[in-house]
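Per our numbering, the sequence shown runs over residues 2 to 378. We put the beta carbon where it would ideally sit given N, CA and C, even for glycine.
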Amino acid sequence: MKKVLILGSTGSIGKATIEVIEANKKDFFITGLVARSNENLLLQQAKKFNVKNICLTESKNLEEKYISEANLEDLISSDQVDIVVAAISGVAGLKNILSAVRAGKRVLIANKEPLVAAGKILMKEAKRFNAEIIPIDSEHCAIHQCLTNIEKKDLKRIIITCSGGPFLGKSLKSLKNVSVKDALNHPVWKMGSKNLIDSASLMNKALEIIEAKWLFNLESEQIDVIIHPQGIIHSMVETIDNSILAVMSEPDMKICIAYGLGYPNKIDNSSSPLNFKENNSLEFINIDQMDFPSVNFARDALDLGGIFPAVMNAANEVAVEKFVNDEIKFDLIFDTIKHAMDEFKREEILNEPSLEQIISADEKARLISLNFIRNIS
Ligand code: NDP
Ligand code: MG
2 MKKVLILGST GSIGKATIEV IEANKKDFFI TGLVARSNEN LLLQQAKKFN
52 VKNICLTESK NLEEKYISEA NLEDLISSDQ VDIVVAAISG VAGLKNILSA
102 VRAGKRVLIA NKEPLVAAGK ILMKEAKRFN AEIIPIDSEH CAIHQCLTNI
152 EKKDLKRIII TCSGGPFLGK SLKSLKNVSV KDALNHPVWK MGSKNLIDSA
202 SLMNKALEII EAKWLFNLES EQIDVIIHPQ GIIHSMVETI DNSILAVMSE
252 PDMKICIAYG LGYPNKIDNS SSPLNFKENN SLEFINIDQM DFPSVNFARD
302 ALDLGGIFPA VMNAANEVAV EKFVNDEIKF DLIFDTIKHA MDEFKREEIL
352 NEPSLEQIIS ADEKARLISL NFIRNIS
């Protein structure tokens, strides 16, 4: 029986994780649930699964029924937890992921932003503390699966697929006045609002390129992106003999979550099998067909290295929140990221930033981005 702690249990990935665990009651049980402010749902989940350890990070009154954030850290490191599912949104999830890694746990990571900002440190610590990081972001989960039994010397490149989001085929110029509702309208996936906006702006792919770099220890040139609107192929791996391995399924995050929980065994996940009669065509479109600067930001951040991925991510988090609150236009997301990255280019480049330096760059990039938005709008 494996004991699972879910960070972000009230979100899209959190709820899907609970469904997978429900389908595998004999092998997994929930030992802790964490959310930010959705008290009703958190309490409902805790009651249904009889979970004693619950944490509400934005709870004003520290009631007895909740454990504090400090106690959460202790819980993560204790033998009450075997597997941590990281499904908080944003770099806010970094601290808990690091604790889980340093306690040598199996960590299923959907929460990509901490990997973008501090992936090098997380992977190094995972090695040092013998932790098992298993990506459950669908693309990286597919690549993880494809890479099983491929030796590093035989790997040529990975090809991350991208649905293109709701604005596939549109020029950036034509999207100046899109509404939040338009941007949240993803053709393939149901997700939380941050990930949906990132999918519309293609910043999700920018984050995923950097996420892949650290997870699989690749050079930027070994990471390609292709638009595949059907979202059936979740990503691919090409070996030096030009053969390509791909993972295909219906787009359903439960498949990825079950992969991570059961690895290396396959477990039930209450998903539907791929229907070839309905999904009878697979298209591929060059990412250059979309004139969004997102992928270039990621390439730039990787070339510059150090704190730049964290800066790119922080500026994006700030801008997405402002866009979702209807305070800025869609294309200002890109202007904000560019501005923050340009500001940091004037400073001394740090090759091997410490965790503290990364966190302080993240905080500074947020302030720079907020000021930029305030001055422009
Ligand atoms: P949601 O917005 O649906 O859920 C986020 C969850 O995290 C909620 O439970 C929320 O609590 C909680 N949360 C947010 N901030 C904090 C915080 N500071 N402390 C504690 N809890 C917090 O997001 P998703 O489930 O869509 O995504 C989660 C992560 O997984 C993201 O990083 C996303 O990029 C990644 N991901 C998601 C995919 C998807 O299909 N949804 C696919 C691939 C990756 P509350 O409800 O109380 O606000
Ligand atoms: Mg993804």
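Query, Result
"Segment contact, 8 Å Cβ cut-off, at least three pairs: the stretch 135-147 with the stretch 242-251", "yes"
"One or two residues paired with TYR67 in a DSSP bridge", "ILE55"
"Best match in ALA17, ILE211, ILE374, ALA104 for proximity to HIS141 [C-alpha to C-alpha]", "ILE211"
"Where HIS235 falls: helix, strand or coil (DSSP)", "strand"
"Assigned exposure category for ARG107 - 16 Cβ within 10 Å defines buried", "buried"
"Beta strand (DSSP E) runs contained entirely in the stretch 197-257, provided each spans 3 or more residues", "224-228, 234-240, 245-249"
"Whole-Å CB distance - ALA111 paired with ILE14, under 8 Å assumed", "5 Å"
"beta-carbon GLU74 near ligand 1 non-hydrogen atom, thresh 7 Å", "no"
"Those runs of the alpha helix (DSSP H) which lie wholly inside the stretch 156-194 and span at least 4 residues", "181-184"
"Rounded separation between LYS255 and GLY91 - CA only", "20 Å"
"Simplified DSSP assignment, three categories, for GLY261", "helix"
"Under 8 Å between C-beta atoms of VAL321 and ASP199", "yes"
"SER13 Cβ short of 7 Å to ligand 2 heavy atom set", "no"
"ALA87 - partner residues in DSSP beta bridges", "LEU8, ILE110"
"Per-residue DSSP class, three states only, for ILE308", "coil"
"Reduced DSSP secondary structure (H/G/I, E/B, other) of GLU133", "strand"
"Chain-ordered list of residues that sit, by beta carbon, closer than 7 Å to a heavy atom of ligand 2", "ASP138, SER139, GLU140, ASN205, GLU209"
"Expected contact under 8 Å - CB spacing of THR58 and VAL35 to nearest Å", "7 Å"
"Nearest candidate by alpha-carbon position, reference GLU222, set GLY120, ASP304, GLU344", "ASP304"
"Cβ-heavy atom distance, THR18 to ligand 1, below 7 Å", "no"
"Delimiting residues of the alpha helix (DSSP H) encompassing THR32", "Here THR32 belongs to no alpha helix (DSSP H); instead the beta strand (DSSP E) covers 29-36."
"According to DSSP, residues forming a beta bridge with LYS3", "PHE29"
"Start-to-end residues for the alpha helix (DSSP H) that takes in LYS330", "From DSSP, LYS330 is part of no alpha helix (DSSP H); its letter is neither H nor E."
"Other residues of its chain near GLY9: CB distance less than 6 Å, five sequence neighbours each side excluded", "GLY15, ALA88, ILE89"
"Distance cut-off 7 Å: MET254 Cβ against heavy atoms of ligand 1", "yes"
"Rounded distance between the beta-carbons of VAL312 and ALA362, thought under 8 Å", "6 Å"
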